[in-house]
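Student: Below is the structure I would like to discuss, written out as structure tokens.
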Amino acid sequence: MNNIVLLPVLIPFIAGTLLILFRNYPKAQRVASAVVVLILLISAVHLLYTVYQGGILTIELGNWSAPFGIVLVADLFSTLMVLLTAIVGVTCLFFAFQTLAKEREKFFFYPFYFFLLTGVNGSFLTGDLFNLFVFFEVMLISSFILIVFGGSKYQLRESYKYVVINIFASGLFLIAIAYIYSLTGTLNMAHIAVQIAELEQQGVVNVAAILLLIVFSIKGGLFPLYFWLPNSYFGPPAAIAALFGGLLTKVGIYAIIRSFTLIFVHDISFTHNIILMVAGLTMFFGVLGAVAQFDFKRILSFHIISQVGYMVMGLGLFTPLALAGAIYYIAHHIVVKAALFLFAGATQKITGTTDLKKMSGLLKTHPALAWLFFIAAVSLAGIPPLSGFFSKFALILSGVEEGRYLIVAVALLVGILTLFSMMKIFIYVFWGAPSLQKQDYAHIKLMPLLMPIIPLIVLTISMGLFAEPIFVFSETVANQLLDPSIYIDSVLGE
Amino acid sequence: MKTNFLMFHTITRIVSFIVLSFSIYLFFAGHNAPGGGFIGGLMMAGALILLYVSFDIDKIKKVIPFDYTTIIGWGLLIAILTGLNSLLFGDAFLTQYFEYYQVPIMGEVELTTALPFDLGIYMVVVAVALLTILSIAEDVS
Amino acid sequence: MEILMIFTSGIIIAVATYLFLTRSLLRVVFGVVMLSHGVHLLILTLSGLQTGAPPLLTENADAYTDPLPQAVILTAIVISFGMTAFLLVLAYRTYQDHGTDDLEELRGNADE
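What follows is the structure in structure tokens.
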């Protein structure tokens, strides 16, 4: 039995349940949740190592054999995502310890934090389309509760829209599942892939494919369905915004990559061209939104959109190099984006605002914060030798190899605009005369705020310095993705 | 103005017991026939809400002094532990075990691990339904 | 029969879409409820409306119905139950804090 595949799902779930029962003991909750995320991180590392050494692991829940029961599948891509989830989960939790208001902790912050991690890990590991829906919902309902956390007027209003849009997307997801079930008579993703390859009516399959693409685009924030994202990510406290910005949209992207490398590979010239077009438009409009904003968190939220475009671009090009670039980019993005949101939280704690025009001169008063932010910002913009550069380089290189010059041009332009808007933040927040007096910030200790962020910064630097082995690893992941028969064989056991 | 809900109260006293016992029947029927934790739980929540509506919320609160949030926690915990139980035997998560036993009076009875799992679901559903409705109903501003 | 059911679920989803586009918070919640009903009906229809005994051990019948769509729908019902419950409370709190249930007035402006 490969029950270790279950651990990343079960550990946070059990922890969340227990934390509901002990909600009146805030101290115990902190200690317990800190221990649990660290265990989660260790189990994720262990799982990735096992899968890397021994190949894909599967587990059939309740001993129901593969096409009939629910399977959890741990291949390289999904375990990599689980590991990244655990890393972001640890850092955001420790940041939350520092920044979250005490009275809010009683309102089930920790239980739902862990239920969110359950949903995210479950969506990565599941090998069943309907089970994917269920884990999406687990993730969404926890995200709903975390996003209204605090319950300010603004949050209530924007969360209502976020919730309704996501429930609508879930309805569409069910419709897509119904189509696929009527076409193939199965819900197991590996089995669906086998059945669809044998189907002759490609038109119907395309309908189901595009419907799923729409659903995952709403969740992942792709053009033109990203309109909900910037407003709703602006509301919640920084620790939660970092978790959302780092992880939630990437679950949608994971689902797109999984379904369009495993299931819908029957008509690449149709589906993947659409994906490529969507990718270009997403990048372009996302970055335009970011350039127009003057708020720390909103700029970061719009950048999520533009960078989701890069990941999907790798899928659209559909070559091993491009896909490896996309995977590298996802890893880089999750780490850096979470760090940047945490920086937004730290500056908000110091200055009391996220409006760029109201801050200045933090470089003089908080140099450590400023320079660490600078590293994260240029890494996001893709300056060598940081991780952002190598992942974008692989994407652009494969774009040139494929002769898709338009998307390459868009990607380069978006890179420049990203640099521009990151520098805008840097100039407004850190340059100029200090706006704060000594007594305003003296009581806020900087080190506890920076401690959770530093590991992320170290990670982005080392992902740049050790680009070669990481890129080789991404290529292994990409090759595994591009050969669906490995996945299918390990699930169906043929 | 003090209104007299004599009819309402009398009927509620009878009906709520019928609904409650039907909910328990549905819960036990769930294994091999239509029914189960979710349906049974909703039924029980319906019966309790009938009580809350016909009598006063404060009065019923004295009769049922449970904290529904804690019930959700326990329900989830029971359900997970039932699933985890199979790990002890080296099987996959959520593997079901069942066995037939001879019980006095009732004759042959099938006992399965699906039952405690369903009990967990039952508790969660009752508590969630009541918590949702009461949290809106109790808000008098 | 299938065609009739597909039309029915189509009409329900159309009603849901209409309700989604109205301005009242509560009607949007009703839209969510209608959408989930329509979708569940669609799942049942698309997986084939079958006649046969329930797929249980105790029955001895020639034909059994497919249990999977029913299991799927049951799960989806439970999920939509939870979602609707949450959305109702959220809509109520939003209404309370803002003093209006008109989405037009809840738009907010760009420079907050």
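Residue numbers (the working numbering), protein chains in the order written: chain A, 15 to 508; chain B, 107 to 247; chain C, 15 to 126.
Ideal Cβ placement from N, Cα and C applies to all residues, glycine included.
Just so you know, these numbers come straight off a predicted model, no measurement behind them.
Across which residues does DSSP place residue 72 of chain A in a beta bridge pair?
Tutor: By 1-based counting over the first sequence, the position of residue 72 of chain A is 58. Paired residues: A:87.
Student: Would a check of beta-carbon distances place residue 100 of chain C closer than 9 Å to chain B?
Tutor: Indexing the third sequence from 1 puts residue 100 of chain C at position 86. Between residue 100 of chain C and chain B, the shortest Cβ-Cβ separation is below 9 Å.
Student: Let's test the definition: count the other Cβ atoms within 10 Å of the Cβ of residue 116 of chain A and tell me whether it reaches 16, buried, or not, exposed.
Tutor: Numbered from 1 along the first sequence, position 102 holds the residue referred to as residue 116 of chain A. The residue is exposed, with fewer than 16 neighbouring Cβ atoms inside 10 Å.
Student: Nearest to residue 143 of chain B by CA position, among B:233, B:165, B:123, B:172, is which residue?
Tutor: Sequence index remark: in the second sequence, residue 143 of chain B carries index 37 (1-based). Here the closest residue by C-alpha is B:233.
Student: Among B:169, B:140, B:206, which has the Cα closest to the Cα of residue 219 of chain B?
Tutor: Residue mapping note: residue 219 of chain B aligns to position 113 of the second sequence, counting from 1. Here the closest residue by C-alpha is B:206.
Student: On the criterion of 16 or more Cβ atoms from any shown chain inside 10 Å, does residue 5 of chain A qualify as buried, or is it exposed?
Tutor: The question about residue 5 of chain A has no answer, for chain A in this structure spans 15 to 508.
Student: List, in chain order, every chain C residue whose beta-carbon is nearer than 9 Å to that of residue 234 of chain B.
Tutor: Translated into the one-based positions of the second sequence, residue 234 of chain B becomes position 128. Simply 95, 96, 99.
Student: Comparing alpha-carbon positions, which option in B:195, B:135, B:110 lies nearest residue 228 of chain B?
Tutor: Here residue 228 of chain B refers to the residue found at position 122 of the second sequence. Here the closest residue by C-alpha is B:135.
Student: Could you tell me which residues DSSP pairs with residue 38 of chain C in its beta bridges?
Tutor: What you label residue 38 of chain C is simply residue 24 of the third sequence in a count that begins at 1. According to DSSP, which records beta bridges pairwise, residue 38 of chain C is partnered with C:116.
Student: Suppose the cutoff is 7 Å on Cβ atoms and the five residues either side in sequence are ignored; what does the same chain contact list for residue 58 of chain C look like?
Tutor: Your numbering for residue 58 of chain C matches position 44 in the third sequence. If we look at residue 58 of chain C and ignore the five residues flanking it on each side, its Cβ neighbours are 83, 87.
Student: Report the residue from A:350, A:307, A:448, A:427 whose alpha carbon sits nearest the alpha carbon of residue 374 of chain A.
Tutor: Here residue 374 of chain A corresponds to residue number 360 of the first sequence, with the count starting at 1. The shortest Cα separation from residue 374 of chain A among A:350, A:307, A:448, A:427 belongs to A:448.
Student: I need the DSSP call for residue 172 of chain A, collapsed to helix, strand or coil.
Tutor: Mapped onto the first sequence, residue 172 of chain A falls at position 158. Three-state result, residue 172 of chain A: helix.
Student: Output needed in chain order: residues of the stretch 35 to 50 of chain C with a Cβ under 9 Å from some Cβ in chain A.
Tutor: 39, 42, 43, 45, 46, 49, 50
Student: Keeping to the same chain, check which residues put their C-beta closer than 7 Å to that of residue 202 of chain B; ignore five residues upstream and five downstream.
Tutor: For the purposes of this step, residue 202 of chain B is identified with residue 96 of the second sequence, where counting begins at 1. Correct list, in chain order: 218, 219, 220.
Student: Output yes if chain C places a C-beta closer than 9 Å to the C-beta of residue 417 of chain A; else output no.
Tutor: As a working mapping, residue 417 of chain A is identified with position 403 in the first sequence. Output row for residue 417 of chain A: interface = no.
Student: So, with DSSP's three-state summary, where would you put residue 176 of chain B?
Tutor: Within the second sequence, numbered from 1, the residue matching residue 176 of chain B stands at position 70. Three-state DSSP puts residue 176 of chain B in a helix.
Student: For residue 74 of chain A, is the classification buried or exposed, using 16 other Cβ atoms within 10 angstroms of its Cβ as the cut-off for buried?
Tutor: One-based indexing of the first sequence puts residue 74 of chain A at position 60. Per the 10 Å Cβ criterion, buried.
Student: Looking at the strands, I want to know which residues DSSP matches up with residue 208 of chain B.
Tutor: Here residue 208 of chain B is taken as the residue at index 102 of the second sequence, counted from 1. DSSP output for residue 208 of chain B lists B:214 as bridge partner(s).
Student: Could you tell me the alpha carbon to alpha carbon distance between residue 119 of chain B and residue 113 of chain B, rounded to whole angstroms?
Tutor: Within the second sequence, residue 119 of chain B is the residue found at index 13, counting from 1. Within the second sequence, residue 113 of chain B is the residue found at index 7, counting from 1. Roughly 10 Å separates the two Cα atoms.
Student: Could you have a look at residue 164 of chain B and say whether DSSP puts it in helix, strand or coil?
Tutor: By one-based count along the second sequence, residue 164 of chain B stands at place 58. Note: residue 164 of chain B maps to helix in three-state DSSP.
Student: Mind checking if residue 176 of chain B is an interface residue toward chain A, Cβ cutoff 9 Å exclusive?
Tutor: Residue mapping note: residue 176 of chain B aligns to position 70 of the second sequence, counting from 1. For residue 176 of chain B, the answer is yes, since a Cβ of chain A falls inside 9 Å of its Cβ.
Student: Given 8 Å as the limit, is there contact between the stretch 92 to 99 of chain C and the stretch 74 to 82 of chain C, that is, 3 or more CB pairs closer than that?
Tutor: no
Student: Look up residue 78 of chain C in the DSSP assignment and give the residues it is bridged to.
Tutor: Taking the third sequence and counting its residues from 1, one reaches residue 78 of chain C at position 64. DSSP, once it has assigned bridges, lists C:67 as partnering residue 78 of chain C.
Student: Hey, could you find the ends of the alpha helix (DSSP H) residue 445 of chain A is sitting in?
Tutor: Indexing the first sequence from 1 puts residue 445 of chain A at position 431. Note, residue 445 of chain A: premise wrong, no alpha helix (DSSP H); not H, not E.
Student: With distances taken between CB atoms, is the gap from residue 176 of chain A to residue 246 of chain A smaller than 9 Å?
Tutor: Within the first sequence, the letter at position 162 stands for residue 176 of chain A. Within the first sequence, the letter at position 232 stands for residue 246 of chain A. Yes. Within cutoff.
Student: Residue 466 of chain A to residue 118 of chain A, Cα distance in whole Å?
Tutor: Indexing the first sequence from 1 puts residue 466 of chain A at position 452. Indexing the first sequence from 1 puts residue 118 of chain A at position 104. Going by the C-alpha atoms only, they are around 20 Å apart.
Student: Which partner residues of residue 142 of chain A appear in the DSSP bridge assignment?
Tutor: Against the first sequence, residue 142 of chain A aligns to sequence position 128. Looking at the DSSP assignment, residue 142 of chain A forms a beta bridge with A:202.
Student: Is residue 106 of chain C close to chain B, meaning its C-beta is less than 9 Å from at least one C-beta of that chain?
Tutor: Reading the third sequence from its first residue, position 92 is the one you call residue 106 of chain C. For residue 106 of chain C, the answer is yes, since a Cβ of chain B falls inside 9 Å of its Cβ.
Student: So, at 7 Å on beta carbons, what are the nonlocal neighbours of residue 281 of chain A in its own chain, with the 5 sequence-adjacent residues on each side left out?
Tutor: For this step, residue 281 of chain A is matched to residue 267 along the first sequence. The residues are 216, 220.
Student: Output yes if chain A places a C-beta closer than 9 Å to the C-beta of residue 17 of chain C; else output no.
Tutor: Position 3 of the third sequence holds residue 17 of chain C. Not one chain A Cβ lies under 9 Å of residue 17 of chain C.
Student: Of all the CB atoms in chain B, is at least one closer than 9 Å to the CB of residue 27 of chain A?
Tutor: Translated into the one-based positions of the first sequence, residue 27 of chain A becomes position 13. Output row for residue 27 of chain A: interface = yes.
Student: Using a C-beta cutoff of 9 Å, does residue 62 of chain C count as contacting chain A?
Tutor: Taking the third sequence and counting its residues from 1, the one referred to as residue 62 of chain C is at position 48. Taking Cβ atoms only, chain A reaches closer than 9 Å to residue 62 of chain C, which makes this a yes.
Student: Can you give the beta carbon distance from residue 405 of chain A to residue 346 of chain A, rounded, assuming they're within the 8 Å contact cut?
Tutor: In the first sequence, residue 405 of chain A corresponds to position 391, counting from 1. In the first sequence, residue 346 of chain A corresponds to position 332, counting from 1. Indeed, because the Cβ distance is near 5 Å, the residues count as touching under 8 Å.
Student: For residue 369 of chain A, which of helix, strand or coil comes out of DSSP?
Tutor: Residue 369 of chain A sits at position 355 when you count from the first residue of the first sequence. If DSSP states are grouped into helix, strand and coil, residue 369 of chain A belongs with the strands.
Student: I'd like the list of long-range same chain contacts for residue 97 of chain A, defined as Cβ closer than 7 Å, with 5 residues on each side in sequence excluded.
Tutor: Within the first sequence, residue 97 of chain A is the residue found at index 83, counting from 1. So the qualifying residues of the chain are 58, 59, 62.
Student: At which residues does the alpha helix (DSSP H) containing residue 297 of chain A begin and terminate?
Tutor: Counting from 1 along the first sequence, the entry for residue 297 of chain A is found at position 283. From DSSP, the alpha helix (DSSP H) with residue 297 of chain A extends over 282 to 306.
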